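Accompanying notes for the structure given below.
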Amino acid sequence: MRRALIVPNQFTFASVLQACASVEALDLGMQIHCYVSKFGLDSDVFVRNALMDVYAKCGKVENTVDMFLETKNINDVSWNTIIVGHVQCGDGEKALALFIDMHEAQVRASSVTYSSLLRACATLAALEPGIQIHSFTIKTIYDQDLAVGNALVDMYAKCGSIKDARLVFETMIERDVVSWNAMVSAYSMHGLGNEALSIFERMRRTHVKPNHLTFLGVLSACSNSGSLNQGYAYLSLMLDDYGIEPCVEHYTCMVSLLGRLGHLDKALKLIEDIPFEPSVMVWRALLGACVLHNEVDLGKTAAQRVLELEPQDEATYVLLSNMYATSKRWNNVAFVRKTMKKKRLKKEPGLSWVENQGSVHYFSVGDASHPDIKLIHGMLESFNLKSKGGGYVPNSDVVLLDVDDDEKIRLLWLHSERLALAFALVRTPPGSPIRIIKNLRICLDCHAAIKFISTLVQREIVIRDINRFHHFQNGFCSCGDYW
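First residue of the sequence shown? That's 1 in the UniProt record's numbering, and the numbers climb one at a time after it.
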């Protein structure tokens, strides 16, 4: 078009910029931005919105913000672009704040707005804002919108309310493969393997064709519930009946399934049989299983393979250190920590957080900075005293420090998830569910302690760790002590 000396207009630029955004071609988008300025079209709202979208999709959300603030004739597309941009860049809190500004500016939200905001709530595990956005959709024509419905299922599941996720799913007038995938993954994430597989079989009966993400949810459900035979069966079904070649994520699920059940030799054999070069994910799954079963030699091999692919992977060094500490190999622990220090790698601190009345409260192990810390310690001390005659026996082996047992037991009661739980018991309404998010895997002793505490407080306690959800109630956990 340029060689033919045809003068481009605002529709030309808007279309070409949309193409740049779709393939994340930042350099080309910036060149076209120069053309836009040269032709005096940078004030056109359609062109500016397309430019904002290019920068947002390419991770330059600060450029999007600058253009948004400079734009005089902002429309609903402008608002959606900047909200979606922040969600894609992982700043869900800012996206939610922008939605409030959009609402106050009396700009009508669309399906794109609501589905993006629900995705932000899912990422943040922010249930209260998610419920509020759901209420907004009920008052609009988007109550039965397919994209919004799918986002609602995902949001409720990732915020710990699996019953609400199922309720939304069942009331959807229309469902596509994304809807079914969301529900299968939701049950898998909550460790409810039988329910996940039941939804999948129902999906097959409705003649909706599953895709690779469907089988990822199915195999993940098998892994989370320890269903080995079903895992093998669905892996075969995936290839034989649907012609879907397993990818690295599917093999990772199978390695995790075999490894967690203690079949470490079979897990290693499966890795060797993968028809392409195994990725970091696969070796990390094997390493996690070795840590769980304290198989030091194989764990060391798995760690070496991870570090060959990602030399700066601090999580692998931490797992290796923990495995040595469990085996009381303190010299090896010291060597790993010295290596981490030399490489300037730091262990990710364990954090737990809980939402209350629109505010998020964060806790780290041994944290004494919270304003309610005296009440929190008092609550934990009460549970500690009651536990001594209640059947809970502290497992000091999970404290991977070379200190005496009394100090280990004291440190157990200062774990971040227990601090968050005590705060929630102090500050949230009696009888209401407690939802806690943790950035690492919940430890064995905290799992046992919280099962005991659930018998005392008569409240549902939901903890989402890095791998899955745990629902504690009346002394039991939904995971069946398998995670």
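For every residue, glycine included, the Cβ atom is placed at its ideal position computed from N, Cα and C.
Given the structure is predicted, the values throughout are model-derived calculations rather than measurements.
Cβ pair residue i, residue j closer than 8 Å
i      : j      : result
GLY217 : SER198 : no
LEU127 : PHE99  : no
LEU239 : GLU245 : yes
ASP44  : GLN10  : yes
VAL248 : MET281 : yes
GLY366 : LEU414 : yes
GLY130 : CYS159 : yes
PHE200 : VAL178 : no
HIS86  : ARG468 : no
GLY226 : LEU261 : yes
VAL318 : LYS347 : yes
LEU380 : ARG418 : yes
ILE466 : ARG435 : no
THR252 : ALA285 : yes
ILE271 : VAL255 : yes
VAL306 : TRP330 : no
GLU314 : LEU287 : no
CYS20  : ILE6   : no
SER222 : LEU257 : Correcting the residue type first, residue 222 is Cys in the shown sequence and not Ser. Yes, Cβ-Cβ distance for CYS222 and LEU257 is below 8 Å.
Cβ-based neighbour list, residue i, same chain, cut-off 7 Å, excluding 5 preceding and 5 following
i           : result
GLY390      : PHE452
VAL208      : VAL177 and TRP180
ALA186      : VAL153, ALA157, ILE162 and ALA165
LYS386      : LEU456
ILE133      : TYR114, LEU117, LEU118 and CYS121
VAL168      : GLY149, LEU152, VAL153 and TYR156
ASN384      : TRP413
residue 570 : Only positions 1 to 483 of the chain appear in this structure, which leaves residue 570 out of reach.
8 Å Cβ shell around residue i - same chain, five flanking residues per side excluded
i      : result
ASN294 : MET323, THR326 and SER327
LYS60  : LEU26
ILE138 : none
LEU292 : GLY259 and ARG260
MET1   : PRO8 and THR12
Residues sharing a beta bridge with residue i, DSSP
i      : result
VAL354 : HIS361 and ILE436
Residue i versus the options, residue with shortest Cα-Cα distance
i           : options                           : result
SER454      : ALA422, ASN467, ARG427 and THR137 : ALA422
SER396      : ALA449, SER364 and GLY431         : ALA449
VAL462      : ASP406, LYS374, ALA157 and ASP372 : ALA157
ASP406      : GLU417, SER416 and VAL393         : VAL393
ALA120      : THR12, LYS94 and GLU277           : LYS94
PHE13       : GLU24, GLY59 and CYS34            : CYS34
LEU411      : CYS446, ASN439, ARG284 and PRO433 : CYS446
VAL107      : HIS212, ASP241, TRP79 and TYR482  : TRP79
SER478      : GLU195, GLY231 and GLY288         : GLU195
ALA56       : VAL84, HIS470 and HIS377          : VAL84
GLU104      : ASP76, SER111 and VAL112          : ASP76
GLY308      : CYS290, ASP42, LYS374 and SER279  : It should be noted that the sequence gives Glu, not Gly, for residue 308. Taking only the C-alpha atoms, the option nearest GLU308 is SER279.
PHE123      : VAL23, ALA147 and GLY92           : It is worth fixing the name first, because residue 123 is Thr in this sequence and not Phe. The shortest C-alpha separation from THR123 is found at GLY92.
PRO210      : SER223, LEU235, LEU228 and ASN229 : LEU235
ALA420      : LEU444, GLY431, ASN439 and HIS361 : HIS361
ASN439      : SER364, THR171 and PHE215         : SER364
residue 517 : LEU298, PHE276 and TYR242         : Here the chain has residues from 1 to 483 only, and residue 517 is not among them.
ILE373      : GLU355, THR339 and ALA424         : ALA424
residue 511 : PHE39, GLY40 and GLN18            : The chain is shown only over 1 to 483; residue 511 falls outside these bounds and no answer can be derived.
SER110      : ALA97, PHE136 and ILE74           : PHE136
GLY29       : ASP53, PHE39 and GLY358           : ASP53
GLY431      : VAL36, GLN458 and PRO371          : GLN458
SER382      : SER416, VAL426 and GLN144         : VAL426
HIS370      : CYS443, HIS471, SER416 and HIS263 : SER416
Other residues of its chain near residue i: CB distance less than 6 Å, five sequence neighbours each side excluded
i           : result
GLN473      : SER454 and GLU460
LYS408      : SER396 and VAL399
ILE437      : ALA125, TRP353 and ARG464
residue 556 : The structure shown does not extend to residue 556, since the chain is modelled only from 1 to 483, so the question has no answer here.
ASP404      : none
SER220      : SER188 and CYS253
LEU146      : GLU174
ASN63       : TYR55
residue 497 : Summary: the structure shown does not reach residue 497, with the chain confined to residues 1 through 483, and so no result is reported for it.
LEU213      : ASN181
residue 489 : Limits of the chain in this structure are 1 at one end and 483 at the other, which puts residue 489 out of reach.
HIS470      : ILE463, CYS477 and CYS479
Any non-hydrogen atom of the ligand GTP within 7 Å of residue i CB
i      : result
ASN467 : Only the bare structure without any ligand can be found here, which leaves the ligand GTP out of the picture.
Which runs of the alpha helix (DSSP H) spanning at least 4 residues fall entirely within the stretch 81-120, listed in chain order?
-> Counting only runs of 4 or more, we get 92-104.
Minimum length 3: unbroken beta strand (DSSP E) runs contained in the UniProt domain "DYW" (391-483) = Qualifying beta strand (DSSP E) stretches, in chain order: 434-438, 461-464 and 469-473.
Sequence ranges, alpha helix (DSSP H) only - wholly within the stretch 14-88, length at least 4 | Segments of the alpha helix (DSSP H) lying fully in the stretch 14-88: 26-38, 45-57, 61-70 and 76-88.
Runs of alpha helix (DSSP H) wholly within the stretch 209-248 (minimum 4 residues, chain order) | List check, alpha helix (DSSP H) in window: 212-225 and 228-240.
Taking only runs of the alpha helix (DSSP H) that begin and end inside the stretch 269-346, which ones reach a length of at least 4 residues, in chain order?
-> For secondary structure counted as the alpha helix (DSSP H) over 4 or more consecutive residues, the stretch 269-346 holds these complete runs in sequence order: 280-293, 296-309, 314-326 and 330-342.
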